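Protein chains in written order, with this note's numbering: chain F, 17 to 544; chain S, -3 to 64.
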């Protein structure tokens, strides 16, 4: 590998990124510019930024690696990513979010909900859920980027983590959301071409679409015994209905991540950055195609890597990766692709990670500055931007620290946890905020608290993958899990917490007093 | 099981079905975007006026707070 050439490519990439961050900084004069890019973003910038933020290294490396382990069943997540994450999100949520965000002059996701329900508590509590819940997700994205830099560039993992974070801090702290979105759109474009090449080269390498799938289908007898016990019956088949892998796939991956996207604060805020519904219509087109080329390609190629490894090394992907699913995609790229593509793909992953990280830090910073500090201290303007910037830096330090201490195989799980938490805590309140005028302040708060606490309780005491390593149940109750009968230890919190939160929102709303007509008229002004 | 239809080299209908569903859902986004390409820009002018007024208000507030 020509390290000099590669370093030049990375340098050019970083210079363009920093230049776009600088453009963002130049264009930002006030709070509105810093938090919602002045509400005048171009549809291409908005849609690419939404897509690039949505799709991180975690989706490509973490979930792609999981597809290498478990197969093409993960494509159900791609379907949800496109249909729910883009179509439903833009058409049913985006337009109303944009309009209501404008009507209430809201600049963050918690602020929109807080103003809609006339509750400061909702705003700062939501800000707190984001500030405390997001570091895990932010950290796994960092790990994904640093792992790839480690494998490809032979740089020390810890050094890679540090360099990466300092560069992002530079443009997020100064450039605000405008800087974040400009760089996102640039990074999204690189991602699109990188993934398109990856798909074409993988299929052509394996002899075409049908031949590649056929070869993978015929490998079903190679599934290791421990995976077969979990319900794995081959890489082109769904796991056995009701098996532990079936539950993980359907409840954690497909539902948790697939639906959770609707209530992701860093994505919902994007809807408030455009000036009319027209931009959102155009964005739907761009976003749908973009996502198909992101997770669709990652999951297909991840699964097909088994064929490549079997043909060249006589073993399946997870064995070649020595049991760590997070390494499957990096090893595959390095082994199967021509050298020039390794450079391109490295850049793709760096772009994917940076575009997601930047928004995560921006969202955590605005949660602290705008949603917590401003609402509690009641000070507006200059000082809250300072707190936002400080919040961004604190969030980065926390994520980097976590990056050093988190274990292997964590990337996909860390992502799923935050998506699931957002879905249960925010989705009932967010949906009813946009569509059901009868929802009351008390109802919204009931849903928010139910969703948050049931999810946390479930992770600490019932869901095996988190409860056992965390050890809090063991410490308090003397046993690893509260419920040990199948399928409970493998049922994701979202399956329980989301319906309960929805029920709480509706039930409490129906027994409490309606919100005033003037307030509702103001919120829903200009909506059919 | 000889009757089960195989598509694109995949036997399980849940898998080839979702493979096709992914492509169809992306197409849905494309068609929706094309049909509505120019719709929805009507409210723009009024909103810009409102936002300009808010901006003025915010600046006033900031000046007051910072004592400029």
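Note that CB positions come from ideal geometry on N, CA and C, so glycine has one too. This one's a predicted model, so the numbers in the text were calculated from it and none came from an experiment.
Practice prompt. Go ahead and label residue 484 of chain F buried or exposed: buried means 16 or more other beta carbons lie within 10 angstroms of its beta carbon, across all protein chains shown.
Written response: One-based indexing of the first chain puts residue 484 of chain F at position 468. Looking at its Cβ environment, which holds fewer than 16 other Cβ atoms inside 10 Å, residue 484 of chain F is exposed.
Discussion item. Against chain F, with Cβ distances strictly below 8 Å, would residue 11 of chain S count as a contact?
Written reply: Residue mapping note: residue 11 of chain S aligns to position 15 of the second chain, counting from 1. By this cut-off, residue 11 of chain S is an interface position.
Worksheet entry | residue 547 of chain F burial status per 10 Å Cβ neighbour count (16 or more: buried) | Since the first and last residues shown for chain F are 17 and 544, residue 547 of chain F lies out of range.
Practice prompt. With DSSP as the reference, label residue -3 of chain S as helix, strand or coil.
Written response: Residue -3 of chain S sits at position 1 when you count from the first residue of the second chain. Unreliable placement is indicated for residue -3 of chain S, whose pLDDT of 42 sits below 50; no coordinate value is reported for it.
Discussion item. According to DSSP, is residue 3 of chain S part of a helix, a strand, or is it coil?
Written reply: One-based indexing of the second chain puts residue 3 of chain S at position 7. Residue 3 of chain S: strand per DSSP, three-state reduction.
Worksheet item: Looking at chain S, which residues of the stretch 212 to 232 of chain F have a Cβ within less than 8 Å of any of its Cβ atoms?
Response: 225, 226, 227, 228, 229, 230, 231 and 232
Discussion item. Tell me the residue span of the alpha helix (DSSP H) that contains residue 279 of chain F.
Written reply: In the first chain, the residue the question calls residue 279 of chain F occupies position 263. Note, residue 279 of chain F: premise wrong, no alpha helix (DSSP H); not H, not E.
Worksheet item: By how many angstroms is the C-alpha of residue 539 of chain F removed from the C-alpha of residue 43 of chain S?
Response: Numbered from 1 along the second chain, position 47 holds the residue referred to as residue 43 of chain S. Numbered from 1 along the first chain, position 523 holds the residue referred to as residue 539 of chain F. Each residue's Cα considered, the two are about 14 Å apart.
Item to complete: Tell me whether residue 456 of chain F sits in a helix, a strand or coil according to DSSP, three-state version.
Response: Sequence index remark: in the first chain, residue 456 of chain F carries index 440 (1-based). Looking at residue 456 of chain F - three-state DSSP - the assignment turns out to be coil, as it is neither helix nor strand.
Item to complete: Would you tell me roughly how many angstroms separate the C-alpha atoms of residue 284 of chain F and residue 330 of chain F, rounded to the nearest one?
Response: For the purposes of this step, residue 284 of chain F is identified with residue 268 of the first chain, where counting begins at 1. For the purposes of this step, residue 330 of chain F is identified with residue 314 of the first chain, where counting begins at 1. So the two alpha carbons sit approximately 46 Å from each other.
Fill in: Any chain F beta carbon closer than 8 Å to residue -3 of chain S
For the purposes of this step, residue -3 of chain S is taken as the residue at position 1 of the second chain. Its pLDDT being 42, under 50, residue -3 of chain S is placed unreliably by the model, and nothing is read from it.
Discussion item. Looking at residue 386 of chain F: is its Cβ nearer than 8 Å to the Cβ of residue 226 of chain F?
Written reply: One-based indexing of the first chain puts residue 386 of chain F at position 370. One-based indexing of the first chain puts residue 226 of chain F at position 210. No, Cβ-Cβ distance for residue 386 of chain F and residue 226 of chain F is not below 8 Å.
Worksheet item: Can you tell me whether DSSP reads residue 64 of chain S as helix, strand or coil?
Response: The count along the second chain starts at 1 and reaches residue 64 of chain S at position 68. Unreliable placement is indicated for residue 64 of chain S, whose pLDDT of 48 sits below 50; the coordinate value is still reported in the next sentence. Note: residue 64 of chain S maps to coil in three-state DSSP.
Worksheet item: Looking at the structure shown, is residue 253 of chain F part of a helix, part of a strand, or coil, going by DSSP?
Response: On the first chain, residue 253 of chain F is found 237 positions in, with the first residue counted as 1. Looking at residue 253 of chain F - three-state DSSP - the assignment turns out to be coil, as it is neither helix nor strand.
Fill in: Continuous alpha helix (DSSP H) stretch holding residue 259 of chain F: start and end
As a working note, residue 259 of chain F is residue 243 in the first chain. Element bounds for residue 259 of chain F: n/a, residue is neither H nor E.
Practice prompt. Check whether the Cβ of residue 92 of chain F lies closer than 8 Å to any Cβ atom in chain S.
Written response: One-based indexing of the first chain puts residue 92 of chain F at position 76. Yes, its Cβ sits closer than 8 Å to a Cβ of chain S.
Worksheet item: Could you give the residue range of the alpha helix (DSSP H) that holds residue 354 of chain F?
Response: In the first chain, the residue the question calls residue 354 of chain F occupies position 338. Run containing residue 354 of chain F: none; DSSP gives neither H nor E here.
Worksheet item: Roughly how many whole angstroms lie between the Cα atoms of residue 64 of chain S and residue 405 of chain F?
Response: Indexing the second chain from 1 puts residue 64 of chain S at position 68. Indexing the first chain from 1 puts residue 405 of chain F at position 389. Residue placement at residue 64 of chain S cannot be trusted, given a pLDDT of 48 that sits under 50; what the coordinates show is reported in the next sentence. If you take the alpha carbons of residue 64 of chain S and residue 405 of chain F, they lie about 22 Å apart.
Fill in: Partner residues on chain S for residue 253 of chain F, Cβ-Cβ distance less than 9 Å
Here residue 253 of chain F refers to the residue found at position 237 of the first chain. Near residue 253 of chain F (Cβ distances below 9 Å), the residues of chain S are 6, 7, 8, 10 and 11.
Worksheet item: What does residue 49 of chain S reach in chain F if we use C-beta pairs closer than 8 Å?
Response: For the purposes of this step, residue 49 of chain S is taken as residue 53 along the second chain, with counting starting at 1. None at all; the shortest Cβ gap to chain F is about 10 Å.
Discussion item. At the 8 Å Cβ level, is residue 390 of chain F part of the contact set with chain S, yes or no?
Written reply: If you number the first chain from 1, residue 390 of chain F lands on position 374. With 8 Å as the cut-off, residue 390 of chain F does not count as an interface residue toward chain S.
Worksheet item: Can you tell which of F:448, F:389, F:487 and F:436 has the C-alpha that lies nearest to the C-alpha of residue 140 of chain F?
Response: Walking along the first chain from the start, residue 140 of chain F turns up at place 124. Of F:448, F:389, F:487 and F:436, the residue nearest in Cα terms is F:389.
Discussion item. Just to confirm the assignment, what range does the alpha helix (DSSP H) spanning residue 296 of chain F have?
Written reply: Within the first chain, numbered from 1, the residue matching residue 296 of chain F stands at position 280. First-last of the alpha helix (DSSP H) with residue 296 of chain F: 293 to 307.
Worksheet item: In whole angstroms, what separates the C-alpha of residue 246 of chain F from that of residue 375 of chain F?
Response: Indexing the first chain from 1 puts residue 246 of chain F at position 230. Indexing the first chain from 1 puts residue 375 of chain F at position 359. Cα to Cα, the separation comes out at about 36 Å.
Fill in: Test: residue 533 of chain F CB closer than 8 Å to a CB of chain S
Within the first chain, numbered from 1, the residue matching residue 533 of chain F stands at position 517. No, residue 533 of chain F lies away from the interface with chain S (no Cβ there is under 8 Å from its Cβ).
Worksheet item: Are the C-beta atoms of residue 400 of chain F and some chain S residue less than 8 Å apart?
Response: Against the first chain, residue 400 of chain F aligns to sequence position 384. No, because no Cβ of chain S sits closer than 8 Å to the Cβ of residue 400 of chain F.
Discussion item. Between residue 164 of chain F and residue 363 of chain F, how many whole angstroms is the CB-CB distance? I'm expecting something under 8 Å.
Written reply: To locate residue 164 of chain F, count along the first chain from 1; it is residue 148. To locate residue 363 of chain F, count along the first chain from 1; it is residue 347. With a Cβ gap of about 11 Å, residue 164 of chain F and residue 363 of chain F do not count as contacting.
Discussion item. If we define contact as Cβ-Cβ less than 8 Å, is residue 291 of chain F a contact residue for chain S?
Written reply: Numbered from its first residue, the first chain carries residue 291 of chain F at position 275. So yes, residue 291 of chain F belongs to the interface.
Item to complete: Could you give the DSSP three-state label for residue 530 of chain F: helix, strand or coil?
Response: Position 514 of the first chain, counted from the first residue, corresponds to residue 530 of chain F. In the structure shown, residue 530 of chain F sits in coil (DSSP, three-state: anything other than H, G, I, E or B).
Worksheet item: Is the CB-CB distance between residue 371 of chain F and residue 68 of chain F below 8 Å?
Response: Within the first chain, residue 371 of chain F is the residue found at index 355, counting from 1. Within the first chain, residue 68 of chain F is the residue found at index 52, counting from 1. Cβ atoms of residue 371 of chain F and residue 68 of chain F: closer than 8 Å.
Fill in: Contact with chain S by residue 241 of chain F, beta-carbon distance below 8 Å
Counting from 1 along the first chain, the entry for residue 241 of chain F is found at position 225. Chain S, which has no Cβ nearer than 8 Å to the Cβ of residue 241 of chain F, makes this no.
Worksheet item: Under 8 Å between the Cβ atoms of residue 208 of chain F and residue 309 of chain F?
Response: Here residue 208 of chain F refers to the residue found at position 192 when the first chain is read from its first residue. Here residue 309 of chain F refers to the residue found at position 293 when the first chain is read from its first residue. The answer is yes: Cβ separation under 8 Å.
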